[in-house]
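> As numbered in my numbering, residues 55 to 183 make up the sequence shown, in order.
Note that the Cβ used here is the ideal one computed from N, Cα and C, for glycine as well.
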Amino acid sequence: MLPDFSRVLVVGKSPINRVVVSKIVERSGLKPISETPETAAKALRALIPGAVVLDGGAENGDCDALLSGIDALRRASGKSLPSVILLSVKTGTPESLGLSSVIDAVVVKPITTERLQPVIDRLIGIGRN
C-alpha cells in the first residue's frame, strides 16, 4: 500500500493542539486526520498518510506507542515514509534530544503556522519525489 501524500495524521492528547495543527495542515492544502494516541494506531493501519505529526506532550513521550507501528511501515516500504514530525517543548534535533530514529523533524512549541507549515511542506515534498 502506497502512502497518501494528501493526508496527514495528527496525533496528540490535547484536542486543542490537534485542532490547531489540523488547521495548519489544511493551509498546506492537505487533509488532516485527527486522532488521540490511543486511536491513532488503527488509523495508521487503515490509511498510510504522507506525514504524521505527533504532539509529544510535556516529556515528548505521549505518542511513543505509535513509533513501532510507524517504523514497521517504513521497513515494509523500504523508504522513510510516512515522514514524522514531533511537536516538542524542547529545542533541538531528533538526535540531540535522544529521540527515536523514526522522528524526522522536531518543531518546538508553541505551535505556530510559521514554524510548522514549512516543515510539513518540506517533508511532504521530499516524500513525493
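#1: Among the candidates Ala-159, Glu-113, Asp-116, whose CA atom is the shortest distance from the CA of Val-173?
#2: Answer yes or no: the CB of Ile-157 versus the heavy atoms of the ligand ATP, is any distance below 6 Å?
#3: What runs of the alpha helix (DSSP H), each 4 residues or longer, lie entirely inside the segment 86-118?
#4: Sort Leu-84, Ser-88, Leu-135 by Cα distance to Ile-70 and report the nearest one.
#5: Run through DSSP, which three-state label would Val-156 get?
#6: Spell out the partners DSSP gives Asp-58 in its beta bridges.
#7: Buried or exposed: where does Arg-99 fall if 16 or more other Cβ atoms within 10 Å of its Cβ makes it buried?
#8: Per DSSP, Ile-139 forms a beta bridge with which residues?
#9: Output the boundary residues of the alpha helix (DSSP H) element that contains Leu-177.
#10: Just the C-alpha distance for Leu-121 and Leu-101, rounded to the nearest angstrom, thanks.
#11: The alpha helix (DSSP H) spanning Pro-80 covers which residue range?
Taking the coordinates as given:
#1: Ala-159
#2: With respect to small molecules bound, the structure shown includes none, and the ligand ATP cannot be examined in it.
#3: 94-100
#4: Ser-88
#5: coil
#6: Pro-103.
#7: exposed
#8: Val-107, Ala-159
#9: 167-182
#10: Each residue's Cα considered, the two are about 16 Å apart.
#11: Inspection of the sequence shows that residue 80 is occupied by Glu rather than by Pro. 69-81 is the span of the alpha helix (DSSP H), which, as asked, contains Glu-80.
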